[in-house]
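Per my numbering: the sequence shown = residues 130 to 177.
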Amino acid sequence: MLKEGCNQLQFHPDLVKHDKAAEACLKYAGWDDKAKAEFRERQPLSRE
């Protein structure tokens, strides 16, 4: 269930900018390394 939610919200700016939500998705959603890297690339952009 967490994986499904994270997959649907991974491009949403609120998920990207909130460290705890982002951390949960990175740790527990079962994303592959490429998906994790792409998600991390978007994080700094949303915090500006």
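From the three backbone atoms N, C-alpha and C, an ideal C-beta is built for every residue, glycine too.
Just so you know, these numbers come straight off a predicted model, no measurement behind them.
- Excluding residues up to 5 positions away in sequence, Leu144 lie with their Cβ nearer than 6 Å to the Cβ of Leu138 in the same chain.
- Boundaries of the alpha helix (DSSP H) harbouring Ala153: Asp148 to Tyr157, taken from the DSSP string.
- With respect to the 9 Å criterion, Cys154 and Phe168 are classified as neighbours on the basis of their beta carbons.
- Around the CB of Ala166, fewer than 16 other CB atoms lie within 10 Å, so the residue is classed as exposed.
- By alpha-carbon distance to Gly134, the top candidate from Ala158, Lys163 and Ala164 is Ala158.
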